[in-house]
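Visitor: The structure follows.
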Amino acid sequence: MIKKTYDLSLSELTEQWLEGLKLSVKLSTYSTYSFYFQHYLKPYTENLLVNVLDQVKVQDLLTQIQQGGRVQEAQPLSANSMRLIYFILKSSVRYGVSIGALDLFPFPTLKANRKSEQRLVFFHKKEQERLEEYILEHFSSMSAGILVSLYTGLRIGELCALTWDQINLEEGFLSVNKTIQRIYLQDEGNSHATKVIISEPKTRNAQRDIPLSNQLIQILNRLVPCQKDGVNFLTHEKGKYCEPRTYRNFFKRVLGECGLPQITFHACRHTFASRCVEIGIDVKTISKLLGHSNVNLTLNRYVHSNLELQRKEMERLGNLMAI
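UniProt numbering puts the sequence shown at residues 1 to 323.
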């Protein structure tokens, strides 16, 4: 039986929107939306009826979620998490308007929570040198994967899905055309059920060719016995992949043996981008190498926040002083 509008909760409305979305988006996207709804939105919206929604109530809801985060954890959410929750909520309300469940009203803007903004984490030059020394001393395809990310900016899912037919050492480039990730299976009735999938990158920009430096080509040539089409770069086996969770644990062990801070693998990608900025590579090129959807993302994340670049520019300004 279809619920009447005055009985419909915002939680139920969002579930309807998600159900209609299932066939039009990738499984990984649907899984992410479902996970965020179940863990962050649903606890706050189960008893909130859509027929009483207005701009003030939605703003209060966003503030409550932003400050409280996941109900069980009572921790503030990151800016990225809040942006995704905001998208899900706004899309659900738009859907509700389209089916006549509620009247159109001005949707509030998402207020930035500076406390939840995460500082960019990357390896400083001395730390990167120590890490690279360790990789070359304990060389394997697994350790070489870290080097690949440091000098190409590959995401961990892209690296774990990488096969040798994507690497052209003669022409000197690497093609990114797939990624691997573990997704949540919300429809299984078990909140802990997961599945590993390999798929194309989410956006067209993420499918890209990345030039390889001569130095990196020389290092990768040391893995010649593994260079067979279809063979996974990290595992040496065809059809067998090292999933991101396993590789994160490997990376964590490497950092421990190097005596380096325990930071996430994504720091390798941040390090690549930061080094590119520091040596003066133009922003548009960096954006293409990273597979970003637009240049502004690269500009705001890496150029505007790069302290080393700011220091160099201030030195240039200081040279104008008449002393």
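Each residue gets a CB set at the ideal place from its N, CA and C atoms; glycine is no exception.
Would you mind giving the Cβ-Cβ distance between ARG269 and ARG83, rounded to the nearest angstrom? I have them listed as a contact below 8 Å.
Guide: With a Cβ gap of about 19 Å, ARG269 and ARG83 do not count as contacting.
Visitor: Do GLU315 and GLU278 come within 7 Å of each other at the CB atom, strictly closer than that value?
Guide: no
Visitor: From ARG119 to PHE173, what distance separates their C-alpha atoms?
Guide: 31 Å
Visitor: Please classify LEU320 as buried or exposed, where buried requires at least 16 other C-beta atoms within 10 Å of its C-beta.
Guide: exposed
Visitor: Excluding the 5 residues preceding and the 5 following ARG130 in the sequence, name in chain order all residues of the same chain whose CB lies nearer than 6 Å to its CB.
Guide: CYS258
Visitor: Quick test of the definition: if touching needs 3 or more C-beta pairs under 8 Å, does the segment 136-154 touch the segment 225-234?
Guide: yes
Visitor: For ILE183, collect the residues of the same chain with a Cβ closer than 7 Å to its Cβ; drop the 5 residues on either side in sequence, then sort them by chain order.
Guide: LEU27, SER28, SER31, THR194, LYS195 and ILE197
Visitor: For ASN306, which three-state DSSP category applies?
Guide: coil
Visitor: Let me know if GLY100 comes out buried or exposed under the rule of 16 or more other beta-carbons within 10 Å of its beta-carbon.
Guide: exposed
Visitor: Spell out a yes or no on whether the segment 238-248 and the segment 119-128 are touching, meaning 3 or more CB-CB pairs, one atom from each, closer than 8 Å.
Guide: With a cut-off of 8 Å, the segment 119-128 and the segment 238-248 do not count as touching, because too few Cβ pairs lie within range.
Visitor: Tell me the start and end of each unbroken alpha helix (DSSP H) in the segment 8-63 that is at least 4 residues and wholly inside, in chain order.
Guide: 10-21, 27-36 and 42-45
Visitor: Out of ILE85, LEU62, SER78 and GLN59, which has the shortest C-alpha to C-alpha gap to PHE35?
Guide: The option with the nearest alpha carbon to PHE35 is ILE85.
Visitor: Rounded to whole angstroms, what's the CA-CA distance from LEU102 to ARG94? Just pull it up for me.
Guide: 9 Å
Visitor: Please state the DSSP three-state secondary structure of ILE85.
Guide: helix
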